[in-house]
Amino acid sequence: MKSKEIREEFLRFFESKGHLRLGSASLIPDDPTVLLTIAGMVPFKRYFLGETPPARRITTAQKCVRTPDIERVGYTRRHLTFFEMLGNFSFGDYFKREAISWSWEFLTGILKLPKERLWITVYKDDEETISIWEKEIGIPVDRIVRMGEEDNFWAMGPVGPCGPCSEVIFDLGPEFGCGKPDCRIGCDCDRYLEVWNLVFTEFNREESGELSPLPRKNIDTGMGLERASFVVQGVGSVFETDLFQPIIEYLEEITDKRYKEDKEITYNFNVIADHSRAITFLIGDGVIPSNEGRGYVLRRILRRAVRYGVKLGLNSSFLYKVVPLVIFLMKDAYPELEKEEELIVNIVKREEENFLSTLQRGLDRLEDIISKEGYVSGEEAFRLYDTYGFPLELTVEIAREKDVAVDTEGFNQMMEESRERARASRKKVFLTATREDLITNFTGYSTLEGEGEVIYLTKEDNPVEELNIGEQGELVTDITPFYAESGGQLADRGVIISDNARINVIDVQKRGNAIYHKVEVIEGKISLGDRVYLKVDRDRRNALARAHTGTHLLHSVLRKNLGEVVKQAGSLVDTDLLRFDFVYFEEITPDIRNSLEHEINRYITEDLPVKVEELPLEEAIKSGAIALFGEKYGENVRVISIDLISRELCGGTHVKRTGEIGVFIIKDIYSIGTGTKRVEALVGEKALEFIQEERSMIEEIAHILKSNTGEIIPSIKKREEELDSLRKYIQKTEELLAGLLAERLVGDRITLDGIDIVGSLLGDFSVEFLRTIGDKVKEHLPNSVILLGTRDGERLKLVLMVSKELVKRGLKAGELIKEVSKLFNGSGGGREELAQGGGKLITSFDNGIKRLKEIIEEKLRG
Ligand SMILES: [Zn+2]
Ligand SMILES: [Zn+2]
C-alpha cells in the first residue's frame, strides 16, 4: 500500500465513523505559547480547553515539525524532524472503547498488519483500558505491557487536562534490535516501533495535585504516516518508504554516490531527505530564516542540510533543487505548497548561497589568521563560530593540518559567556495554566473604560482570594476594555480602581477565552468578587493605534509599489513606533524609501476614514482583504479598511481617520536574513522627536567641525584628505624607525654557537610593527632568533622569529614561544619561522631573553 493510500484510507475510515475531515492546520500554531505545530492536537488545544469545536468528532492528517531529536535523525530508522500525524479526535463524545477498537480495526483490517506482531502498552493503573484490550479485542495478556507515568501518562501542563495513554507497538523483529539481553518494549533501539498513540484525556489536575474527573472526556490520537508506511511497506526504515525514496534517488543522481554504499553515506542522505521536507513545509507556511524563534529553527535545519551536502561533496547550492521534488511528492495532500513553490525555491536558494559563501568567507578568514598570526586565539575561534557558522571541530581540524594551535579553552569560555548572556535576556514565558471556564467580554474596541467584577486572582501563578498592597499577580474580570497583546500590537496599560484599592495594569495577555491583567496593587487590597472600574491609559492606546494604522498603510504601499510578492513576515506595533518584516528579494534604495514615505504621508494628509467591519472569513477574503498565515476559518473576522487603499483582516485597535497619525517617518530599512527586510518607522510624537534629534546631531557635528550645517560634507572630505596624507607620513616614519631600531638591536645581540640571539622590549607598538623590525634584523643576521615584546596595558605581547637556516637545526618558533611565554604566565604558539604569544610582565624581559638562550642551548645539545 502506498503512503498516499494509507493517508486517504485513514481519513476515509474515520469519516465512515462519523468524523469531520479537516485539512492540516499551519505549522505556525495559533497559540503564542507554542513555537511550531508538533502534534495533531495542537490546532485543537482550544477545543480541549472548552471552546466549541465545529464537530464533536474530527479527523486530520496534520503536518508537524519537531526538533529535539534532530541529532538522531538519519541515524535511527524512525526519527524525523518533519512528519505527518494521522489523528482522530473526540471532544466530549466517544471515549476509550471506540478509540481502541477502531485503532485495532484500522491496523489489522485495513492496513492488514499481522496481529501477532502487535504489542500494546498501557498506563499501569488504567484497568479499564487493560480490560478493553484483553477482554474485548482479545489481546493475550502477556502482550499488554504496563508502563509508568513517564511513558504513558499525558498532561498539557503541571495543572489542567491530563490522562493515561495506550500505545500500539509493532515488533519489527530481532534483526532490527540492539541484541542486548534486556531488549524489550521501551528499549531505545528500533525494534519495537510505536505506531499509534491513543490519549484518553479524562482528568483535570488541580492546583493541589489531585486528579478530578473532567466533565467532558476527550480522545486525542496520533499515528505517524511515515512509521505506518514503514511497517506496511515492509522496508528497512522510514527513509526507504515511497515518501523518501524519490528524494534519495535524486540525491544519488547529483552526488554520484549510492544509498547504502556505506553507513556514513546512508546517514547523510537520510538527513538531507528529512531536512528538505521540513524546510519546504516551514517556508510554505510562512516561516522565514532568521536568528530568532521559528525562523531560527528553520535556519538551523537548512544549514545542517547544507553541511551534510558538503560532506557528500556538494559544494554549490543544491537544496533548492530538491524543493520542487518535495512539492511534487506532497502537493496532492498539501495543495498550498504548489502556490508558494517559486517563493520557497527562492528563499532556500538565497539562504543556501549565503550560508555557503559565509562558510567560504570563514575559511578565508581562518587561512588568513593561520598565516598571519600562526595561532588561533579563543576569541578568533569564537568569532568564526558566531559569525561564520564554523563549528570548533572544523577550526581545529583545519588548524591541525597547518600545524597551528587553537585556544579551545578560550573558545569554551567565550561560548559559556555568550550562553549566559542569552539566558539572561530570555523572556519569561507565561507558564500559568489556562482556566478553561473563565470568560472575559472585551469592550475595548468601542470604549476605554468601564465596570467589571473580579472573577479570578493569582499570586506567583497560584489562585488566591485577595491581593494586598505591593503585591503582583494576575487579575481577570468578566468585562474589560484592556486590549491583550496580539497580532504584533502590544498590550494596553492603565489602572483598575475599586472602593478599597488602586491597581496598576502592567501587561495584558489573552489565554483561552479570558483576558489576564498582570497587575500590581498600589493602594489597599483587592478581593475576588470586588466590583472594579477599569481605565485604559488613553495616551498609550492612541499611540498604539497611530502605529497600527500606520502599519496597515505601510503594508499596502509596499505591496502597491514593490508588487504583490511582498509578504508580511512579522510586525511589532509599539507606541508611535512600528517594525514591519516582509519577504522581498530586491534592494530597497534610498529613492524608493523616500517615495514610499511620501505616499504614506500623502494618505495621512488626505485624512482618510478608517472603517471596521465584522464578516465571516470566507466573505472577507472574497472581498479582497489580505489575510495572514494561520487564521482560523469558519469564524467572524474583523476587516479594517482605509478608504480604497488598504483592506486587512485585523484584531487590533486603530485610529478613526488617518490624519490622527500625524506624520510617518521611515527610520531604517535593512535586511534581517535571506530575502527578508525590516522597516522601522515612527509616527506621531516619536516621528517629530526623531527629526529634531537628527537636526541637533547635524548641528553638533557642524560645531565639532567648526563649519556651518550646510558645509559639513566638504569639511569632512577635506579632513579625510588630511588624514590620508598623515597616514602615509606615519608609514614612512615607521619604516625608518624600524630600520634604526633593527640596527640598534643587531648591535646588542648575543652570539651562541653561531646563532645570533636578539631580544628587546620595545615601547607600545603593534605586533605588525614588531614583525617589520624582526624582518629587518633578519636581513642583517641570516642565522638569528629574535624575541620582541610590546606592552598593551597590563598585557605583554610577544613575537618570536627564527630564520630559515636555524629551523633546519631544529629550532622552531612555535616551540620556543611556548616555553618563553610560560615564564610570563601566558601561552603562545605558531609556525616554524614565526610565532606569537602573550602574558604578563611578572618578571623582567631580560629574564625572558635569558630563558630563550637556555632553551636554545638545551635544544642544540639535545
Ligand atoms: Zn533494544
Ligand atoms: Zn493590523
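The numbering used here puts the sequence shown at residues 600 to 1461.
In this text, a Cβ means the ideal position worked out from N, Cα and C, and glycines have one as well.
Small disclaimer: the values here were computed from a predicted structure and weren't measured.
TODO: Say whether the stretch 949-966 touches the stretch 651-666, bearing in mind that this needs 3 or more beta-carbon pairs closer than 8 Å, one atom from each stretch.
DONE: no
Open item on the list: Under 8 Å, with one C-beta from each stretch per pair, do the stretch 868-881 and the stretch 919-933 reach the 3-pair mark?
Closed with: yes
Task: Residue range of the alpha helix (DSSP H) that includes Val1376 - done: Walking along the sequence shown from the start, residue 1376 turns up at place 777. Here the alpha helix (DSSP H) through Val1376 covers 1366-1379.
Open item on the list: By the three-class DSSP mapping on this structure, what secondary structure does Gly961 have?
Closed with: The count along the sequence shown starts at 1 and reaches residue 961 at position 362. The answer is helix: DSSP assigns Gly961 an H, G or I state.
Open item on the list: Tell me the residue span of the beta strand (DSSP E) that contains Trp795.
Closed with: In the sequence shown, residue 795 corresponds to position 196, counting from 1. Trp795 -> beta strand (DSSP E) spans 791-804.
Task: Contact under 9 Å by Cβ, Trp795 with Leu706 - done: The count along the sequence shown starts at 1 and reaches residue 795 at position 196. The count along the sequence shown starts at 1 and reaches residue 706 at position 107. In this structure, Leu706 lies closer than 9 Å to Trp795 by Cβ.
TODO: Compare the C-alpha of Phe752 against each of Pro739, Phe681, Glu766 and name the closest.
DONE: Counted from its first residue, the sequence shown places residue 752 at position 153. It is Glu766 whose Cα lies nearest to the Cα of Phe752.
Task: ligand 2 heavy atom lying under 8 Å from the CB of Ile1239 - done: The sequence position of residue 1239 within the sequence shown is 640, counting from 1. Ile1239 Cβ: within cutoff of ligand 2.
Open item on the list: Just list the residues that DSSP pairs Asn551 with in beta bridges.
Closed with: This structure cannot speak to residue 551, because the chain is shown only from 600 to 1461.
Task: Residues bridged to Gly1169 [DSSP beta-bridge criterion] - done: Mapped onto the sequence shown, residue 1169 falls at position 570. Answer is Asp1180, bridged to Gly1169.
Task: As assigned by DSSP and simplified to three states, the class of Val682 - done: Taking the first residue of the sequence shown as 1, we reach residue 682 at position 83. Note that residue 682 is Phe in the sequence shown, not Val. Strand, per DSSP.
TODO: Tell me whether the beta-carbon of Asn953 lies closer than 9 Å to the beta-carbon of Tyr919.
DONE: Against the sequence shown, residue 953 aligns to sequence position 354. Against the sequence shown, residue 919 aligns to sequence position 320. The answer is no: Cβ separation not under 9 Å.
- [ ] For ligand 2, enumerate in chain order all residues having a CB closer than 5 Å to any of its heavy atoms.
- [x] Cys1249, Gly1251
Task: Residue range of the beta strand (DSSP E) that includes Asn1067 - done: The residue given as residue 1067 occupies position 468 in the sequence shown. Looking at the DSSP string, the run of the beta strand (DSSP E) that includes Asn1067 is 1065-1067.
Open item on the list: Under 8 Å, with one C-beta from each stretch per pair, do the stretch 691-702 and the stretch 797-807 reach the 3-pair mark?
Closed with: yes
Open item on the list: Taking the beta carbon of Leu1451 as the centre, do at least 16 other beta carbons fall within 10 Å, making it buried, or is it exposed?
Closed with: Walking along the sequence shown from the start, residue 1451 turns up at place 852. By the neighbour-count rule (16 or more Cβ atoms within 10 Å), Leu1451 is buried.
Open item on the list: Between Val995 and Arg1430, how many whole angstroms is the CB-CB distance? I'm expecting something under 8 Å.
Closed with: Position 396 of the sequence shown, counted from the start, is the residue given in the question as residue 995. Position 831 of the sequence shown, counted from the start, is the residue given in the question as residue 1430. Val995 to Arg1430, Cβ: 16 Å. No contact.
Task: Check whether Ile719 and Phe688 have beta carbons under 9 Å apart - done: As a working mapping, residue 719 is identified with position 120 in the sequence shown. As a working mapping, residue 688 is identified with position 89 in the sequence shown. In this structure, Phe688 does not lie closer than 9 Å to Ile719 by Cβ.
TODO: Could you tell me which residues DSSP pairs with Tyr1269 in its beta bridges?
DONE: Mapped onto the sequence shown, residue 1269 falls at position 670. BP columns for Tyr1269 point to Arg1277.
Open item on the list: Can you list, in chain order, the residues of its chain with a C-beta nearer than 7 Å to that of Phe769? Leave out the 5 residues immediately preceding and following it.
Closed with: In the sequence shown, counting from the first residue as 1, residue 769 sits at position 170. For Phe769, where only same-chain residues beyond five positions count, the Cβ hits under 7 Å are Leu712, Arg716, Leu717, Leu792, Val794, Val830.
Open item on the list: Restricting to Cα atoms, I'd like to know which of Gly1149, Ser1170, Leu965 is closest to Leu1089.
Closed with: Walking along the sequence shown from the start, residue 1089 turns up at place 490. The shortest Cα separation from Leu1089 among Gly1149, Ser1170, Leu965 belongs to Ser1170.
Open item on the list: Out of His1151, Leu1335, Ile1385, Tyr1115, which one is the CA nearest neighbour of Asp1347?
Closed with: One-based indexing of the sequence shown puts residue 1347 at position 748. Comparing Cα positions, the closest option is Ile1385.
Task: For Val1107 and Phe1081, believed in contact at Cβ under 8 Å, the rounded distance - done: For the purposes of this step, residue 1081 is taken as the residue at position 482 of the sequence shown. For the purposes of this step, residue 1107 is taken as the residue at position 508 of the sequence shown. Yes, they are in contact, since the Cβ atoms of Phe1081 and Val1107 sit about 5 Å apart, within 8 Å.
Task: Cβ neighbour criterion (16 or more within 10 Å) applied to Met684 - done: For the purposes of this step, residue 684 is taken as residue 85 along the sequence shown, with counting starting at 1. By the 10 Å Cβ count, Met684 comes out buried.
Task: Ala1142 versus Gly1428 - alpha carbon distance - done: The residue you call residue 1142 lines up with position 543 of the sequence shown. The residue you call residue 1428 lines up with position 829 of the sequence shown. Near 59 Å, if we compare the C-alpha coordinates of Gly1428 and Ala1142.
Task: Proximity of Lys1166 and Val1156 at Cβ, strictly below 9 Å - done: The residue given as residue 1166 occupies position 567 in the sequence shown. The residue given as residue 1156 occupies position 557 in the sequence shown. In this structure, Val1156 does not lie closer than 9 Å to Lys1166 by Cβ.
- [ ] Locate the beta strand (DSSP E) running through Lys1134, then write down its first and last residues.
- [x] For this step, residue 1134 is matched to residue 535 along the sequence shown. Segment 1130-1135, the beta strand (DSSP E) holding Lys1134.
- [ ] List in chain order: all unbroken beta strand (DSSP E) runs of 3+ residues lying wholly within the stretch 612-683.
- [x] 619-621, 656-664
Task: Arg790: CB within 8 Å of a non-hydrogen atom of ligand 1 - done: For the purposes of this step, residue 790 is taken as the residue at position 191 of the sequence shown. True, at least one ligand heavy atom lies under 8 Å from that Cβ.
Task: Whether Leu955 touches Asn914 by CB criterion (9 Å) - done: Start at 1 with the first residue of the sequence shown, and residue 955 comes out as number 356. Start at 1 with the first residue of the sequence shown, and residue 914 comes out as number 315. It is a contact, given that the beta carbons lie within the stated cut-off.
Task: N-terminal and C-terminal residue of the alpha helix (DSSP H) that Tyr858 is part of - done: Sequence index remark: in the sequence shown, residue 858 carries index 259 (1-based). From DSSP, Tyr858 is part of no alpha helix (DSSP H); its letter is neither H nor E.
- [ ] Name the residue from Gly1425, Gln1435, Lys1439, Val1104 whose alpha carbon lies nearest to the alpha carbon of Glu1393.
- [x] Position 794 of the sequence shown, counted from the first residue, corresponds to residue 1393. Minimum Cα distance to Glu1393 is reached at Lys1439.
TODO: For the alpha helix (DSSP H) holding Lys1439, just list the boundary residues, first then last.
DONE: Within the sequence shown, residue 1439 is the residue found at index 840, counting from 1. Element bounds for Lys1439: not the alpha helix (DSSP H) but the beta strand (DSSP E), 1433-1439.
Open item on the list: In this structure, how does DSSP classify Asn817 when only helix, strand and coil are distinguished?
Closed with: Locating residue 817 in the sequence shown gives position 218, counting from the first residue. It is a strand residue.
Task: For Val1419, the nearest candidate out of Lys1407, Thr1174, Glu1212, Asn1446 (CA to CA) - done: The count along the sequence shown starts at 1 and reaches residue 1419 at position 820. For Val1419, the nearest C-alpha among the options comes from Asn1446.
Open item on the list: Given this structure, state the Cα-to-Cα distance separating Val975 from Ala998, to the nearest angstrom.
Closed with: For the purposes of this step, residue 975 is identified with residue 376 of the sequence shown, where counting begins at 1. For the purposes of this step, residue 998 is identified with residue 399 of the sequence shown, where counting begins at 1. If you take the alpha carbons of Val975 and Ala998, they lie about 8 Å apart.
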